[in-house]
Amino acid sequence: MHGNFVCIPDRIFRRFEIILPPDSRLEILKDALLEVIRLEPEGSEGLNPYEIEDFIDALERTRQKVLADDRA
Numbered sequence: 001m002h003g004n005f006v007c008i009p010d011r012i013f014r015r016f017e018i019i020l021p022p023d024s025r026l027e028i029l030k031d032a033l034l035e036v037i038r039l040e041p042e043g044s045e046g047l048n049p050y051e052i053e054d055f056i057d058a059l060e061r062t063r064q065k066v067l068a069d070d071r072a
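What follows is the structure in structure tokens.
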């Protein structure tokens, strides 16, 4: 990722925690990341849509693991 985008995830998630229900956060993040890719100039070394899908899947697996650990 380029620019300061990776420097603000904690702030983004804290804001989403207040505004968005937990079930919709990953979809919003996925849409935002796909928009970043769409805005990237052609030929840049940025992420591709498949990497975004993998990233979101990994976030969801991590979220499910944390929820399962909290219940145990």
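At position 52 of the sequence shown (counting the first as 1) the number is 52 in full-length UniProt numbering, and the numbers step up by one without a gap.
The beta carbon of each residue, even a glycine, is placed where N, CA and C say it ideally should be.
Outcome for residue i when other beta-carbon atoms lying within 10 angstroms are tallied against a minimum of 16
{"i": "Leu29", "result": "buried"}
{"i": "Pro67", "result": "Checking the sequence shown, residue 67 turns out to be Leu, not Pro. Leu67 should be labelled exposed."}
Enclosing alpha helix (DSSP H) for residue i [first to last residue]
{"i": "Leu67", "result": "Pro49 to Arg71"}
Rounded C-alpha distance that separates residue i from residue j
{"i": "Asn48", "j": "Arg38", "result": "9 Å"}
{"i": "Leu34", "j": "Ile52", "result": "7 Å"}
{"i": "Val36", "j": "Lys65", "result": "28 Å"}
{"i": "Ala32", "j": "Ala58", "result": "16 Å"}
{"i": "Asp70", "j": "Asp23", "result": "17 Å"}
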